[in-house]
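Enquirer: In terms of my numbering, the sequence shown opens at residue 140 and continues consecutively. Let me give you the structure first, and then I'll get to my questions.
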Amino acid sequence: MIRELQAGATHLAYKAMSELRPDIGLESVFAEHVDNNLRPEGYRLVGFFVKEDTYAAAVAGFRIVHMLAWGQFMYCDDLSTRSAHRGQGHAGQLMDWMIDEAKRLHCDGFHLDSGLGPDRADAHRLYFNKRMRISAFHLMRPV
Ligand SMILES: CC(C)(COP(=O)(O)OP(=O)(O)OC[C@H]1O[C@@H](n2cnc3c(N)ncnc32)[C@H](O)[C@@H]1OP(=O)(O)O)[C@@H](O)C(=O)NCCC(=O)NCCS
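Written out as structure tokens, the structure is:
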């Protein structure tokens, strides 16, 4: 079952999120950071729940962004399924949910960045199967 996690329920994303983002700290630190800093910027969380567990088996974090270049679009910050729950379609269903939500909000597109290491091979297969294509290089430098 898919449901959006509102402020106050952010901690339910912790187990799945910490597998993707091991540096997020303790559960309470993660929840406070999301609720106090990310949500006011428009960040939202959606989870896939299986009935035997109160914590989400898979989560996605996303936001609506406006840019002159790309119009209004949904940007997916995070997508992660707990190791024990992979290969059952949870992340695929979360992607379908986000794309439906992007359509509902009249977005022009659905965007994300994904690293190029071998640890992202599963994710890349999923994205291509969802008809995403590589549209840009992402560049950065530390400051
Ligand atoms: C990438 C990731 C999110 C995918 O999550 P997932 O829930 O396993 O994804 P899905 O189950 O939707 O799809 C995975 C595979 O299971 C298959 N599958 C889906 N439903 C299935 C079912 N009912 N029975 C059997 N297989 C199924 C899919 O076809 C897909 O097959 P493939 O690997 O051969 O392409 C997960 O591997 C993960 O968290 N990885 C680490 C973090 C990460 O890389 N995140 C992305 C950052 S950019």
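Cβ coordinates follow ideal geometry from the N, Cα and C atoms, glycine included.
Between the Cα of Asn268 and those of Phe187, Gln145 and Gly231, spot the shortest distance and give me the residue it belongs to.
Expert: Within the sequence shown, the letter at position 129 stands for residue 268. Considering only alpha carbons, the answer is Gly231.
Enquirer: Quick check on this structure: which residue in Tyr214, Arg178 and Gly186 has the alpha carbon closest to the alpha carbon of Lys154?
Expert: Within the sequence shown, the letter at position 15 stands for residue 154. Nearest option by C-alpha distance: Gly186.
Enquirer: Give a yes or no on whether the C-beta atoms belonging to His250 and Tyr214 are separated by under 8 Å.
Expert: On the sequence shown, position 111 is the one that residue 250 refers to. On the sequence shown, position 75 is the one that residue 214 refers to. Yes, they are a contact pair.
Enquirer: Give a single yes or no on whether Ser274 has its beta carbon closer than 7 Å to a heavy atom of ligand 1.
Expert: Here the question's residue 274 lines up with position 135 in the sequence shown. No, the Cβ of Ser274 stays beyond 7 Å of every heavy atom of ligand 1.
Enquirer: Using a Cβ-based criterion (distance less than 7 Å to any ligand heavy atom), does Asn268 qualify as near ligand 1?
Expert: Taking the first residue of the sequence shown as 1, we reach residue 268 at position 129. Checking the Cβ of Asn268 against ligand 1 gives yes.
Enquirer: Can you name the residues that DSSP bridges to His250?
Expert: Locating residue 250 in the sequence shown gives position 111, where the first residue counts as 1. Tyr214.
Enquirer: When we look at the beta-carbon of Val168 and count the other beta-carbons within 10 Å, is it buried (16 or more) or exposed?
Expert: Counting from 1 along the sequence shown, the entry for residue 168 is found at position 29. With fewer than 16 Cβ atoms within 10 Å of its Cβ, Val168 is classed as exposed.
Enquirer: Looking only at its own chain, which residues have a Cβ that is under 7 Å from the Cβ of Leu159, when we skip the five neighbours before and after it?
Expert: By one-based count along the sequence shown, residue 159 stands at place 20. If we look at Leu159 and ignore the five residues flanking it on each side, its Cβ neighbours are Asp217 and Ser219.
Enquirer: Please find out if some non-hydrogen atom of ligand 1 comes closer than 7 Å to the beta-carbon of Gly256.
Expert: The sequence position of residue 256 within the sequence shown is 117, counting from 1. Incorrect: Gly256 has no Cβ contact closer than 7 Å to ligand 1.
Enquirer: Check each candidate in Ala148, Pro257, Met234 and Phe276 and name the one with the smallest Cα separation from Thr193.
Expert: As a working mapping, residue 193 is identified with position 54 in the sequence shown. Measuring from the Cα of Thr193, the nearest candidate turns out to be Ala148.
Enquirer: In angstroms, rounded to a whole number, what distance separates the CA positions of Arg270 and Asp162?
Expert: Mapped onto the sequence shown, residue 270 falls at position 131. Mapped onto the sequence shown, residue 162 falls at position 23. Going from the Cα of Arg270 to the Cα of Asp162 covers about 31 Å.
Enquirer: Compute the beta-carbon to beta-carbon distance between Phe212 and Asp247, rounded to the nearest angstrom, for a pair I have assumed lies under 8 Å.
Expert: Position 73 of the sequence shown, counted from the start, is the residue given in the question as residue 212. Position 108 of the sequence shown, counted from the start, is the residue given in the question as residue 247. The Cβ separation is near 6 Å, so the contact holds.
Enquirer: Using three-state DSSP, classify His224 as helix, strand or coil.
Expert: What you label residue 224 is simply residue 85 of the sequence shown in a count that begins at 1. If DSSP states are grouped into helix, strand and coil, His224 belongs with the helices.
Enquirer: List the residues that DSSP assigns as beta-bridge partners of Arg202.
Expert: Against the sequence shown, residue 202 aligns to sequence position 63. According to DSSP, which records beta bridges pairwise, Arg202 is partnered with Tyr214.
Enquirer: In whole angstroms, give me the CA-to-CA distance for Glu180 and Gln227.
Expert: As a position in the sequence shown, residue 180 is number 41, starting the count at 1. As a position in the sequence shown, residue 227 is number 88, starting the count at 1. The straight-line gap from Cα to Cα measures roughly 32 Å.
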